[in-house]
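Note that full-length UniProt numbering gives residue 355 to position 355 of the sequence shown, counting from 1, and the numbers run on in steps of one.
Just below is one structure, and these are the notes that go with it.
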Amino acid sequence: MDPHTHTIGESSSPTDAVKALKAVHDLLNRYFTKSTLPEESKTPELTIIPVASGLEETCSHPNPSPIPTETRSTILSTDDKQESTATDATNGVIVESVNRKTPNPEAAAPEAKLDCAANTNGPLPNTVKQPTNGAERVPEPDQTTNGSATNKTGGATGSFNHERLRVLADEISCNVDAMSTEEAARLKLVTAALELAGAVRPPQDAIMNWFTQMSVVSAVRVFQHWRVFDAIPAEPRQSISYSELATKVGVEESLLLRMSWMLTSGAVLQHVVPDRLAHTPTSLLLREAHPMGSMFKVMYTNIVETSTILPSYFDTYGKREPEGPSHIPTSFLAGKPHLEYFELLNEDPDRIKMFMQAMSVTHRRVPTTGMYDMSWLLQQAAEEPDRPVWVDVGGGNGHTIKVFREAHPKLRTEQCVVQDLPEVIETAKEVARKDEKLKGVQWVPMNFHKEAPVKGALIYYLRHIIRDYSDPVAIKILSNIRQSMISPPPAASQPGSTSTACAQSSPAASRILISEQLNTSPPPLYSAFKDYTMLAIGGKERTLEQFRYVADAAGLEVTTVYRDRGTPHAVIEMQVKVH
Ligand SMILES: C[S@@+](CC[C@H](N)C(=O)[O-])C[C@H]1O[C@@H](n2cnc3c(N)ncnc32)[C@H](O)[C@@H]1O
1 MDPHTHTIGE SSSPTDAVKA LKAVHDLLNR YFTKSTLPEE SKTPELTIIP
51 VASGLEETCS HPNPSPIPTE TRSTILSTDD KQESTATDAT NGVIVESVNR
101 KTPNPEAAAP EAKLDCAANT NGPLPNTVKQ PTNGAERVPE PDQTTNGSAT
151 NKTGGATGSF NHERLRVLAD EISCNVDAMS TEEAARLKLV TAALELAGAV
201 RPPQDAIMNW FTQMSVVSAV RVFQHWRVFD AIPAEPRQSI SYSELATKVG
251 VEESLLLRMS WMLTSGAVLQ HVVPDRLAHT PTSLLLREAH PMGSMFKVMY
301 TNIVETSTIL PSYFDTYGKR EPEGPSHIPT SFLAGKPHLE YFELLNEDPD
351 RIKMFMQAMS VTHRRVPTTG MYDMSWLLQQ AAEEPDRPVW VDVGGGNGHT
401 IKVFREAHPK LRTEQCVVQD LPEVIETAKE VARKDEKLKG VQWVPMNFHK
451 EAPVKGALIY YLRHIIRDYS DPVAIKILSN IRQSMISPPP AASQPGSTST
501 ACAQSSPAAS RILISEQLNT SPPPLYSAFK DYTMLAIGGK ERTLEQFRYV
551 ADAAGLEVTT VYRDRGTPHA VIEMQVKVH
């Protein structure tokens, strides 16, 4: 074989991975069926905090059916002061209708009835408990994609919960066959494997593992800065010698070599015998042009760089949640504490561009469409053709509207509005001029801390907005929108409107849809990390109870929660409080 060529990911093809996992499973099974354990591994049992993961139930289904990502049937009957919950077994969305006196119009639609018998997948991993009262019932989300919690296995406490380890081994086995075709199966497998690895790792190794991860992260950031990832050939089976690469990026060869070792041993790059370097699928994502490369830089600043000033930040502002929107850890780090996070980003055109590029990867991990029942909305939009239907508050360059329009072509651009900061809108409008899919969209510059200029829209959509802010700031943003929700829609207030349909039906009440993570308390690792990154910018991820708190303080109430099954993401619907 030509030593200068190789196959990316050669050592870990899917077939090898499957064989390896099966072998691990067999080994573990043999190990667990042994009646005795070595004396030294027997440590006193410690208290284990139960955190439901849903893995146990999943395991009764070795080959779950794929979860379609589009369209969700819904709901629900809505009784006074009573919550109801249903799981759309076909499509994987959990819908909760909560605490609303007025029945939802869509609840009566026959096609909206949930048919649990149609669930051919067997019981869902996150079966929801029946409600007891309005405040208590917060069903556990499917945490299988959210990271591991070794306290379930007892590994982190120095003892082992063998039953849990068996469940994990089964989980790995259950999902091995399906993982190459089903994203949900792959995620479950990865999560179980991580938890298993964490559980069988001695505590010292766990901490040593943090050091290796810190070193990998540090070396990645330096290589990004030197543009090393862009200097390595990206074509399959290509590599570059260390000496050629050193010349290309202008770095001493011996230094480049040492830094590369961190990344080849960390499986970020691939060493090709005898003296060459090649990309892996992971390092390809870290190149300049790739959104994940931008996301890495954003996270590096918000987590790693910010961590260096967090102690002095809290010494300065007090050991409490940042109130924001200015005087937050990231602006303190930048030496410009008077700025808000987005003011800081907007100061530097390259930085805001990088941020926007980074945000585009969230669509893969964080579902945008597919959770909310759009059928009633599209029907209402047709009945009120002059009314603004979809106001995307903090909608950036219209990327989310585009995703919705692709999924729901009946959503007319003329009824869609994108609102954002004036500088963002200016650029977005320019770009959108060449984009057929955004033709007709209205672009409205605004500041959501001060106003909500479009009155009486059917939906005010806030994706990844509220979580950027503390409770007082979130309450102000929601209160501003509430003011516009209680103002009449333009069609109703404009005499001589061309709409005839409008005259036949009364305008539906405005709703707010908040699309972001819905936390549990305590959250699993992946959700906790996201909340931690929000702390750096003065924001927070919220539980349902915390959403209810900000809604109530803004004169709103949470009416329905549409929870995605595969991720901790949800759409939280709010309406103006009626009592
Ligand atoms: C985290 S991004 C979310 C973008 C988009 N909603 C999404 O889900 O991808 C936050 C957005 O809020 C906008 N924004 C920040 N501060 C704002 C303000 N005071 N008024 C209006 N928009 C603002 C930003 O420019 C940015 O587009």
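Backbone N, C-alpha and C fix where the C-beta goes; we use that ideal spot for every residue, glycine too.
Whether residue i touches residue j by CB criterion (8 Å)
i: K572; j: L518; result: It should be noted that the sequence gives Ile, not Lys, for residue 572. Their beta carbons are under 8 Å apart, which means I572 touches L518 by this criterion.
i: P322; j: I309; result: no
i: P325; j: G555; result: no
i: I303; j: T533; result: yes
i: V444; j: V417; result: yes
i: R365; j: T567; result: yes
i: S515; j: R463; result: yes
i: Q415; j: A509; result: no
i: E288; j: R221; result: no
i: M577; j: E545; result: Here the sequence assigns Lys to residue 577, which means Met is not the residue at that position. No, they are not a contact pair.
i: S479; j: V454; result: no
i: V550; j: A474; result: yes
i: L263; j: A219; result: yes
i: T400; j: K439; result: no
i: A457; j: V391; result: yes
i: V361; j: F448; result: no
i: S215; j: R276; result: no
i: L286; j: A278; result: no
i: H408; j: M446; result: no
i: S294; j: Q357; result: yes
Any non-hydrogen atom of ligand 1 closer than 7 Å to residue i Cβ
i: V424; result: yes
i: G396; result: yes
i: T362; result: yes
i: T400; result: yes
i: R463; result: yes
i: D420; result: yes
i: M574; result: no
i: H449; result: yes
i: M359; result: yes
i: F342; result: yes
i: D468; result: yes
Beta-bridge pairing of residue i - partner residues as DSSP gives them
i: P445; result: D420
i: H279; result: L269
i: Y461; result: D392 and L513
i: Q224; result: Q224 pairs with nothing; no bridge assigned.
i: R542; result: L518
i: A570; result: E516 and R563
i: V576; result: L556
i: S173; result: None; S173 has no bridge partner.
i: S241; result: R276
Where residue i falls, given that 16 or more other Cβ within 10 Å makes a residue buried
i: R542; result: buried
i: K297; result: buried
i: S283; result: buried
i: A428; result: buried
i: Y562; result: buried
i: residue 596; result: Because the chain in this structure spans residues 1 to 579, residue 596 falls outside the shown range and cannot be described.
i: P281; result: exposed
i: K530; result: buried
i: R387; result: buried
i: S173; result: buried
i: D468; result: buried
i: I486; result: exposed
i: K188; result: buried
i: P524; result: buried
Chain D contact for residue i (CB, 8 Å cutoff)
i: V393; result: Absent here is chain D; the protein component of the structure consists of one chain.
Residue i CB to nearest heavy atom of ligand 2 below 7 Å
i: M446; result: Absence of ligand 2 from the depicted structure is noted, with ligand 1 being the only ligands included.
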